[in-house]
Every structure is written in structure tokens, then in C-alpha cells.
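These notes concern the structure reproduced below.
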Amino acid sequence: MRSWLLVLLFCCSGIATAGESSGFGQIAIPSPVKPTTADSCVEPVEVMRREHMHFLLHQRDETVIDGDRGSRHSLTGCMDCHNPATAEPVVRYEDPEHFCAECHAYTGVKIDCFECHADRGLEQTGQSRRDDQPAWRAERNRLTAMSLQQRLEHSRGE
Amino acid sequence: MANELDKIEVKPARRQFLRGAAALASVALAPGLLLYQARPAGANVDSGVRWGLLIDANALSEDDVDACVSACQREHGWRAEDGSATDAQWVRKVKLRDRASGHTRFLPVMCQHCEHPPCVDVCPTGASFKRADGIVLVNKHTCIGCRYCMMACPYKARSFIHEVLKDQLPVAPRGKGTVESCTLCVHRVDRDGADAVPACAEAVNRAGRQAIWFGDLNDPASGISQALREFGATRLRADMGLNPGVGYRGL
Chain C
13 MRSWLLVLLF
23 CCSGIATAGE
33 SSGFGQIAIP
43 SPVKPTTADS
53 CVEPVEVMRR
63 EHMHFLLHQR
73 DETVIDGDRG
83 SRHSLTGCMD
93 CHNPATAEPV
103 VRYEDPEHFC
113 AECHAYTGVK
123 IDCFECHADR
133 GLEQTGQSRR
143 DDQPAWRAER
153 NRLTAMSLQQ
163 RLEHSRGE
Chain E
347 MANELDKIEV
357 KPARRQFLRG
367 AAALASVALA
377 PGLLLYQARP
387 AGANVDSGVR
397 WGLLIDANAL
407 SEDDVDACVS
417 ACQREHGWRA
427 EDGSATDAQW
437 VRKVKLRDRA
447 SGHTRFLPVM
457 CQHCEHPPCV
467 DVCPTGASFK
477 RADGIVLVNK
487 HTCIGCRYCM
497 MACPYKARSF
507 IHEVLKDQLP
517 VAPRGKGTVE
527 SCTLCVHRVD
537 RDGADAVPAC
547 AEAVNRAGRQ
557 AIWFGDLNDP
567 ASGISQALRE
577 FGATRLRADM
587 GLNPGVGYRG
597 L
């Protein structure tokens, strides 16, 4: 399935390149604004581009069923950096400039994450920030110590 | 009362079969390529504990129960829109009135986090489930909104979301077409463990007056177990043998 998707991706990128060179396809390739609040993403950018959906799919069961609230791959974590509560003006997933929407619109991907989940980081009253949570810190440190290959295997549940 | 469900014995032959099925749960197609992998039990959820609540009906005034409801609304971002029958109701204010004497009291009634939850039995997708630590939840990723669980629940604890929602809180994702109910403030429980205080308890407990206890029912030294030993508790509809994790003192 994955390799099939990759082939499809390669084909799509080929079409996009062909479109650019021949003067058709005036749609700009999205380049979402990177947050300035963190030095780096939880994974290298090229890994996130290809794997973020697998990270999130795996993490959602870990959180809902196993109660793991300290995962480094959490949608809340994405939004805390990429669409923080302090962002002005407020950007929604429906807006084309939303961090997630920019690429999903370009690739024609329809997701329903934000029908339930908050599409922006929100300060929760009475809640501690994620970085105040010992479990989250410990998990982050453990995973940072792993190699990239180990982390990918971990997030795929292997 | 002895629990009916505890009397059901799993016969050895069936047990053997189940054990074999568990071994087959991980099916390897080739080295490193699995058709299906059995997930290990959650490392974060302790199956040795069972979280529960003890609610002191004697200590709660009508205002206190209102405070429980509004604290839950603030914590999880739900609200009763216009009082219609389809409003979200994670916790309801229930009025008990003794006709003979006119004596009235109010109770907060939420998901009772049963040991044998009927909502889990009837769910066709497994979205309605009981966590290893006894908290009964809806996995909204797999909920198809059929509402069987709402019909099965004898406590009317669950509600269905009919409208498109916006501005949900990060700790409580909720959206149209799924069923929801009290989560026992699971995000607080996962963060603080035995020290967690659910929002409703936080709203009514004051220094020197404990009205709602939260804790591990399996730990005889926990505050809730000691309070249960001292005061006893009534379980709503205990005759059904569901063994709720929520108990009421003074009913």
C-alpha cells in the first residue's frame, strides 16, 4: 500500500514539474510558514512531510485507549507550534493559509481531524502546559535519544 | 449482591482456544512485514487500578450541583443550548423529592463507569470501550454515531452531537455525529494519576468539606476507599449488577 502511494506521489510530482516547465499550472507550491517558537520540528521536515499521517494515526490510539498524553506526535502539539493561541489574526482550517490546509488543498487531501479537534492551539484554563508535564518531557528525551530508524519503527508500532 | 456476570465461567476448552487465538494475533507475512499486530496492553493505563467517584448527597446543595455541571462545561467545552432533549449532557442535575415529606435534594448524575458497561456490549464498532483502569469512554475515531449505547445506558449518561461544532477544547475533541459522555476527566487522570481531581469535584470540594471523592477503588488505603468503608454508598440501580464506579452517599 505504502509503496503504491509512493509511486503515485512520484507521478504527481512529475506532473507538477511538467506543468511548471510548460507554463501551465500556475498554482504555487505551498510553503507553509515555519514557527519561530521552536528550534526544530519533532522530526526532520522531510520525515514529517511523508510520515505525519502515520505518526498521528498511531498516536491517536495510544492516547485514547492507552492514555498516553505525553506523545511527541500529537495533533495538539502540532497546533501549539504551527497555529498557536497567540497567532493574530485567528486562522481556521477552512482558511487557505492554515498550516495544515495549505498542503492538503494543494494535494487534494480531505481530512476530518478538525471536525472534532481544535484547529488552533488553545490555552486551557487550569491546565499545565505540555512542557510542564514530566511524562511528556521523559518521553521526548527518550525518543530524542533514539535513532531516526528506531523512531519510525516505534511510531509504526513495530 | 453477588454479581451475575461473575458467575459465568469460561470453560477450559474455550480458554485454550482463546489462548491460541491470542498467539495467532500477530500474523507475520514476511520478516518485518506484519498482516496484523496485537498491541501490547497500554503502558500508561494501569490495569491494577479502578478509578471511581463517591458523591456525598448530604453535602451537595442545589448550587453545588449547578457548580458541578458548569465546571464540567468549562473543562470540556460543552453547553446546553436551549434545554432541548437533544442537548449535550455530560452531567445532569437530578432532583429527588420525597412526596410524603416534601424533602428535596439534588444529585449530579454522570456516566457511572460501570464494571460491566451495557454501552460497551452493544457497540457495533468497539468505539464504546472500557479502559484498563475502569474508565468508560467513546473512541470517537471509530464511533459511527448509531446511538445504540445511548439506548443501552440505564443512566441516560450519553448524548449525541447533532450540530457542527467549532472551537472545541484541545483536551476534549468532540464533533457532529459522535456520542459523548463523562470521561472522568481522563486527561487529568492521565496527567496526575491518583492525585487527579475531576473538574466537578474541584468545583465543590472546599477545605474542611469533601463532597466528591475521586480515587482508586482497588486500593484499600486510598481516600475514596476509606470514605466508602466509613460511610458506605448506594449505587444507582444496583439491582442490574453493572457495578458502577460511581457511588452516592446519603441516598
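For the protein sequence lines, the chains are C and E, in the order given. According to this note's numbering, numbering within the first sequence proceeds without interruption in unit steps and concludes at 170. According to this note's numbering, numbering within the second sequence proceeds without interruption in unit steps and concludes at 597. Ideal Cβ placement from N, Cα and C applies to all residues, glycine included.
Residue i to residue j span [Cα, whole Å]
i, j, result
"Leu400 (chain E)", "Gly593 (chain E)", "5 Å"
"Gly539 (chain E)", "Thr450 (chain E)", "35 Å"
"Pro590 (chain E)", "Phe126 (chain C)", "33 Å"
"Ala518 (chain E)", "Arg504 (chain E)", "15 Å"
"Ser33 (chain C)", "Pro101 (chain C)", "Because Ser33 (chain C) carries a pLDDT of 43, less than 50, the predicted location of this residue cannot be relied on, and the following value inherits that uncertainty. One C-alpha to the other measures close to 36 Å."
"Ser140 (chain C)", "Arg534 (chain E)", "Because Ser140 (chain C) carries a pLDDT of 40, less than 50, the predicted location of this residue cannot be relied on, and the following value inherits that uncertainty. If you take the alpha carbons of Ser140 (chain C) and Arg534 (chain E), they lie about 10 Å apart."
"Arg552 (chain E)", "Ala579 (chain E)", "21 Å"
"Gly472 (chain E)", "Gln572 (chain E)", "35 Å"
"Leu69 (chain C)", "Arg575 (chain E)", "43 Å"
"Ile481 (chain E)", "Val59 (chain C)", "35 Å"
"Leu134 (chain C)", "Asp513 (chain E)", "9 Å"
"Leu588 (chain E)", "Ala478 (chain E)", "16 Å"
"Ala549 (chain E)", "Val103 (chain C)", "33 Å"
"Arg385 (chain E)", "Asp78 (chain C)", "The predicted model places Arg385 (chain E) with a pLDDT of 44, which falls under 50 and marks its position as unreliable, so this point remains unresolved."
"His508 (chain E)", "Arg583 (chain E)", "29 Å"
"Met65 (chain C)", "Arg425 (chain E)", "32 Å"
"His110 (chain C)", "Ser568 (chain E)", "47 Å"
"Thr88 (chain C)", "Pro463 (chain E)", "30 Å"
"Cys53 (chain C)", "Val466 (chain E)", "38 Å"
"Tyr501 (chain E)", "Val468 (chain E)", "15 Å"
"Ala495 (chain E)", "Arg445 (chain E)", "Note that residue 495 (chain E) corresponds to Cys in the displayed sequence, not to Ala. So the alpha carbons of these two residues sit roughly 32 Å apart."
"Met174 (chain C)", "Pro470 (chain E)", "Outside the displayed range of chain C (13 to 170) lies residue 174 (chain C), so it cannot be described from this structure."
"Arg447 (chain E)", "Ala403 (chain E)", "Position check: residue 447 (chain E) holds Ser in this sequence, whereas Arg was assumed. The alpha-carbon atoms of Ser447 (chain E) and Ala403 (chain E) are separated by roughly 18 Å."
"Asp51 (chain C)", "Asp124 (chain C)", "29 Å"
"His487 (chain E)", "Lys522 (chain E)", "12 Å"
"Glu408 (chain E)", "Thr432 (chain E)", "23 Å"
"Ser430 (chain E)", "Glu63 (chain C)", "44 Å"
"Cys112 (chain C)", "Cys128 (chain C)", "15 Å"
"Arg443 (chain E)", "Asp73 (chain C)", "44 Å"
"Gln458 (chain E)", "Gly120 (chain C)", "43 Å"
"Arg84 (chain C)", "Phe67 (chain C)", "9 Å"
"Leu485 (chain E)", "Gln71 (chain C)", "Reading off the sequence shown, one finds Asn at residue 485 (chain E), where the question assumed Leu. Their Cα atoms are separated by approximately 13 Å."
"Gly423 (chain E)", "Ala434 (chain E)", "10 Å"
"Ile570 (chain E)", "Asp585 (chain E)", "23 Å"
"Met497 (chain E)", "Arg132 (chain C)", "34 Å"
Test item: CB-CB of residue i and residue j under 8 Å
i, j, result
"Val581 (chain E)", "Arg81 (chain C)", "Note that residue 581 (chain E) corresponds to Arg in the displayed sequence, not to Val. Result no, Cβ atoms of Arg581 (chain E) and Arg81 (chain C) do not sit closer than 8 Å."
"Ser610 (chain E)", "Trp397 (chain E)", "Outside the displayed span of chain E (347 to 597) sits residue 610 (chain E), for which this structure offers no information."
"Leu406 (chain E)", "Phe452 (chain E)", "yes"
"Thr49 (chain C)", "Pro96 (chain C)", "yes"
"Cys93 (chain C)", "Pro47 (chain C)", "yes"
"Val510 (chain E)", "Pro454 (chain E)", "no"
"Phe577 (chain E)", "Arg595 (chain E)", "yes"
"Cys460 (chain E)", "Cys546 (chain E)", "no"
"Gly561 (chain E)", "Val525 (chain E)", "no"
"Phe506 (chain E)", "Arg520 (chain E)", "no"
"Leu563 (chain E)", "Thr529 (chain E)", "no"
"Tyr118 (chain C)", "Ile39 (chain C)", "yes"
"Pro44 (chain C)", "Cys115 (chain C)", "yes"
"Ser86 (chain C)", "Thr75 (chain C)", "yes"
"Ala557 (chain E)", "Asp410 (chain E)", "yes"
"Pro544 (chain E)", "Ala130 (chain C)", "no"
"Cys499 (chain E)", "Glu421 (chain E)", "no"
"Asp412 (chain E)", "Lys441 (chain E)", "no"
"Asp565 (chain E)", "Val395 (chain E)", "yes"
Cutoff 8 Å: residue i Cβ touching any chain D Cβ
i, result
"Gln514 (chain E)", "Any reference to chain D falls outside this structure, whose protein chains are C and E."
List, from N- to C-terminal side, the alpha helix (DSSP H) runs of 4 residues or more that fit wholly inside the segment 488-569 of chain E. 494-498, 532-538, 545-550
Using a Cβ-Cβ cut-off of less than 8 Å, list which residues of the segment 482-505 of chain E approach chain C; keep chain order. Leu483, Asn485, Lys486, His487
Listed from N- to C-terminal order along the chain, which residues in the segment 548-564 of chain E have their beta-carbon within a distance smaller than 9 Å of any beta-carbon of chain C? Glu548
Mind listing which residues of the segment 91-106 of chain C have their C-beta closer than 9 Å to chain E's C-betas, in chain order? Met91, Asp92, Arg104
So if I threshold CB-CB distances at 9 Å, which residues from the segment 521-539 of chain E count as touching chain C? Gly521, Lys522, Gly523, Thr524, Val532, His533, Arg534, Val535, Asp536, Arg537
Residues in the segment 116-134 of chain C with C-beta within 7 Å of chain E's C-beta atoms, listed in sequence order? Glu127, Cys128, His129, Ala130, Leu134
Which full runs of the alpha helix (DSSP H) of 4+ residues lie inside the segment 47-84 of chain C, going along the chain? 57-76
Taking a Cβ distance cut-off of 7 Å, strictly less, list which residues of the segment 73-89 of chain C are near chain E, in chain order. Val76, Ile77, Asp78, Gly79, Asp80, Arg81, Thr88
Got a sec: which bits of the segment 392-416 of chain E sit with their beta carbon under 8 Å from any beta carbon on chain C, in order along the chain? none
What ranges does the alpha helix (DSSP H) occupy inside the segment 398-450 of chain E, keeping only unbroken runs of at least 4 residues that lie completely in it? 408-422
Which residues, in chain order, does the segment 455-480 of chain E contribute to contact with chain C at a C-beta distance below 9 Å? Phe475, Arg477, Ala478, Asp479
Using a beta-carbon distance cut-off of less than 8 Å, what residues from the segment 418-447 of chain E approach chain C? Arg420, Glu421
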